[in-house]
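Have a look at the structure below before the remarks.
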Amino acid sequence: MQLRSMFAENYRSLRKIRMDLAGVNLFIGENGVGKSNLYRALQLVQAAVRGTLAYEIAAEGGMASALWSGPRREEKNFRIKLEVEVLDEERAVTFRYRVEAGLRPPIDAAGFAFEPQVKAEELSIETGSRPVTMMRRAGPGIMVRGERGRMEEYPEKAMTSETAIALLGDAGHYPEVGAFRRMVDGWRFFHGFRTDRDSPLRRPCLAVTSPLLDQDGSNMAAVFATLVHTRGVTVELDRAIASAFGGAKLSVPEPGEYAEFGLVFPDFPRRVFQPRELSDGQIRFLGLAAALMSYRQPPLIALNEPESSLHPDMLPPLADMIAEAARSSQIWIVTHSEQLASAVEERCGTRPKRVIRQDGATWIEGMRLTGVMDDGDD
Ligand SMILES: Nc1ncnc2c1ncn2[C@@H]1O[C@H](COP(=O)(O)OP(=O)(O)OP(=O)(O)O)[C@@H](O)[C@H]1O
Ligand SMILES: [Mg+2]
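Counting along the sequence shown from 1, when you hit position 90 you're at 90 in the UniProt record's numbering, and nothing is skipped either side.
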């Protein structure tokens with residue numbers, strides 16, 4: 001799967017932005033230009049697919065906070081609009097999904113006064129010829145292309161807090177909706193692992209084979225145990241750890257009820273250092289290793305400021321892991337580190353996108369309105 005492009009309108013500092021995406025995408029720029037808003041917009045698309053969009057917007061302060069608050073012309077449908085274009089290489093199909101959320105009209109009893117309301121959605125597919133609409137939702141009404149290829153009214157109405165894409169996905173009768181949903185559901189976002197004493201990364205976890213790292217890193221020990229004891233091949237992981245920690249080795253005992261791990265450093269060959277004894281940077285690097293090198297590779301891995309609390313010496317090994325992961329996953333990285341950006345550029349050949357602000361709105365330097373880079377990126 002590849003996320004080909006994204007579009008966002010009226011979401012925080014994203015006034016109206018469309019951009020083409022590559023296999024590896026690096027975003028660099030000053031504080032407050034909107035890098036995290038771009039990352040978050042993508043997370044909201046995933047929330048829509050999972051049926052939690054209204055909740056997620058409410059949880060970040062509601063529409064009053066999330067809607068673009070800069071100058072605007074009188075617009076009838078002032079809404080947050082998000083759109084993605086996703087290529088499914090296996091089926092040779094391009095999916096386009098759009099979702100719009102806004103405020104409740106003044107007189108309406110369909111939802112709560114302040115909750116974000118899902119207003120419109122559309123899923124279309126393209127197989128080379130012109131796009132075909134598979135689902136269209138306007139307010140509570142949902143039209144969906146049925147088995148006989150005709151658009152039919154879906155018998156159930158959507159509530160304002162629900163997305164049609166999640167409702168139809170749950171229904172199980174619509175293979176295209178299901179396929180799109182599974183791809184987007186697989187995206188993984190990692191933003192700052194906790195490193196304090198009680199951090200989930202420092203605790204043993206239940207020994208359950210874990211093909212993917214949880215967002216908070218709480219199954220990290222199980223992810224390592226799965227690599228060591230289920231796959232049995234840990235060449236890349238061993239190389240990354242040795243190069244980041246001066247020849248250190250990961251030690252992962254056969255899990256009993258709990259999965260555990262430790263590090264053995266060349267200076268203390270007989271001692272296994274437990275997670276609670278490792279430094280913040282060491283723990284965070286291991287978290288990134290588990291995110292990037294898990295047993296199964298997510299279709300897209302997004303990392304927001306992965307360099308935080310890492311010494312510059314750790315950045316080349318981090319870039320190595322990113323380049324390795326980029327062989328099977330699409331990558332989205334937000335960073336403040338020019339060094340990390342150029343190390344990734346060197347390995348993957350992707351030029352960083354410079355995020356800037358124009359009249360308060362987020363933009364990418366050198367990008368045309370169509371989302372194409374002027375200098376012919378990549
Ligand atoms: N509703 C809104 N309308 C317009 N702008 C907003 C809105 N909500 C937040 N912003 C702006 O978005 C900016 C924050 O964006 P974001 O968190 O994406 O920055 P960033 O580039 O990730 O910065 P950092 O590098 O510090 O993490 C703030 O400057 C804030 O003014
Ligand atoms: Mg940020």
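Ideal Cβ positions, reconstructed from N, Cα and C, are used throughout, including at glycine.
Next on the checklist: Alpha carbons only, please: which of E346, T362, T195 and F112 is nearest the one belonging to V33?
Outcome noted: Of E346, T362, T195 and F112, the residue nearest in Cα terms is T362.
Item to check | Proximity test, V344 beta-carbon vs ligand 1 heavy atom, cut-off 6 Å | outcome: Not one heavy atom of ligand 1 lies closer than 6 Å to the C-beta of V344.
Checklist entry - Mapping DSSP to helix, strand and coil, what is A248? => result The DSSP-derived three-state label of A248 is coil.
Next on the checklist: By the three-class DSSP mapping on this structure, what secondary structure does G366 have?
Outcome noted: G366 falls in the coil class under three-state DSSP.
Item to check | Segment limits, alpha helix (DSSP H) that includes Q43 | outcome: Start and end: K35 to R50.
Item to check | Cβ contact (3+ pairs, closer than 8 Å) linking the stretch 214–228 and the stretch 322–342 | outcome: As far as the Cβ criterion goes, the stretch 214–228 does not touch the stretch 322–342, which means the pair count is below three.
Checklist entry - Any heavy atom of ligand 1 closer than 6 Å to the CB of residue 384? => result What is shown of the chain runs 1 to 378, which leaves residue 384 out entirely.
Checklist entry - Mind listing, in chain order, the residues whose beta carbon lies closer than 7 Å to a non-hydrogen atom of ligand 2? => result In chain order, the hits are K35, S36, N304, E305 and V334.
Next on the checklist: Going by C-alpha to C-alpha distance, which of K76, E100, C348 and R104 sits closest to L82?
Outcome noted: The residue with the shortest Cα to Cα distance from L82 is E100.
Item to check | Heavy atom of ligand 1 within 6 Å of W68 beta-carbon | outcome: Yes, the Cβ of W68 comes within 6 Å of a heavy atom of ligand 1.
Next on the checklist: Nearer than 6 Å: is that true of the beta carbon of N31 relative to any heavy atom of ligand 1?
Outcome noted: Under cutoff, so the answer is yes.
Checklist entry - Pick from S251, Q297, L300 and L103: whose alpha carbon is nearest that of T275? => result Residue identity check: residue 275 is Pro in the sequence provided, not Thr. For the residues S251, Q297, L300 and L103, the minimum Cα distance to P275 belongs to S251.
Checklist entry - Between the stretch 357–371 and the stretch 9–20, do three or more beta carbon pairs fall short of 8 Å? => result The answer is yes - the stretch 9–20 touches the stretch 357–371, with three or more Cβ pairs under 8 Å.
Item to check | At least three beta-carbon pairs within less than 8 Å, the stretch 141–150 to the stretch 112–119 | outcome: Segments in contact, no.
Next on the checklist: Tell me the DSSP secondary structure of E254 in three-state form.
Outcome noted: DSSP, reduced to helix, strand and coil, places E254 outside both helices and strands of the structure shown, so it counts as coil.
Next on the checklist: Checking the sheet assignment: what are the DSSP bridge partners for T94?
Outcome noted: Answer is L87 and E126.
Item to check | Close-in-space but distant-in-sequence residues of the same chain around H336 (CB under 6 Å, 5 per side omitted) | outcome: None.
Next on the checklist: Below 8 Å, how does it come out for the stretch 252–259 and the stretch 180–198: are there three or more Cβ pairs, yes or no?
Outcome noted: Taking a cut-off of 8 Å for Cβ pairs, the stretch 252–259 and the stretch 180–198 do not touch, as fewer than three such pairs fall below it.
Next on the checklist: With three or more C-beta pairs closer than 8 Å as the rule, is the stretch 161–181 touching the stretch 232–245?
Outcome noted: With a cut-off of 8 Å on Cβ pairs, the stretch 232–245 is not in contact with the stretch 161–181, counting fewer than three such pairs.
Checklist entry - Within 10 angstroms of its Cβ, does D378 collect 16 or more other Cβ (buried), or is it exposed? => result The pLDDT assigned to D378 is 46, lower than 50, so where the model puts this residue is not dependable, and the model offers no usable value.
Next on the checklist: Suppose contacts are defined by Cβ-Cβ distances below 7 Å. Is L213 in contact with S294 by that definition?
Outcome noted: Cβ atoms of L213 and S294: closer than 7 Å.
Item to check | Continuous beta strand (DSSP E) assignments of at least 3 residues falling wholly in the UniProt domain "ATPase AAA-type core" (270–340) | outcome: If you keep only unbroken beta strand (DSSP E) runs of at least 3 residues inside the UniProt domain "ATPase AAA-type core" (270–340), you get 300–304 and 330–335.
Checklist entry - If you compare alpha carbons, which of P269, G23 and E90 is closest to E176? => result Comparing Cα-Cα distances from E176 to each of P269, G23 and E90, the minimum goes to E90.
Checklist entry - Hey, how far is the Cα of S279 from the Cα of P352? => result Those two C-alpha atoms are separated by around 30 Å.
Checklist entry - Can you tell me whether N304 is buried or exposed, with buried defined as 16 or more other CB within 10 angstroms of its CB? => result Classification for N304: buried.
Next on the checklist: Quick check: the Cα distance between H311 and Y97, rounded to an integer number of angstroms?
Outcome noted: Cα-Cα distance, rounded: 40 Å.
Checklist entry - Are the Cβ atoms of L3 and Q330 separated by less than 7 Å? => result Going by C-beta atoms, L3 is nearer than 7 Å to Q330.
Checklist entry - Would you call the stretch 115–131 and the stretch 216–225 touching, i.e. three or more CB-CB distances under 8 Å? => result At 8 Å Cβ cutoff, the stretches do not touch.
Checklist entry - Excluding five sequence neighbours on each side, which residues of the same chain lie with their C-beta closer than 6 Å to the C-beta of G70? => result In chain order, G360 place their CB closer than 6 Å to the CB of G70, counting only its own chain and leaving out the 5 sequence neighbours on each side.
Checklist entry - Going by the C-beta, is S13 closer than 6 Å to any heavy atom of ligand 1? => result For ligand 1, at least one heavy atom lies less than 6 Å from the Cβ of S13.
Checklist entry - Which residues does DSSP pair with L263 in a beta bridge? => result In the DSSP secondary-structure assignment, L263 is bridged to L250 and F273.
Next on the checklist: In the DSSP output, which residue or residues are listed as bridge partners for residue 383?
Outcome noted: Since the first and last residues shown for the chain are 1 and 378, residue 383 lies out of range.
Checklist entry - Just how far apart, CA to CA, sit F273 and V264? => result For F273 and V264, the gap between their C-alpha atoms comes out near 6 Å.
Next on the checklist: From the DSSP secondary-structure annotation, give me the bridge partner or partners of T133.
Outcome noted: Partner(s): S124.
Checklist entry - Helix or strand or just coil, what does DSSP make of L206? => result In the structure shown, the three-state DSSP call for L206 is strand.
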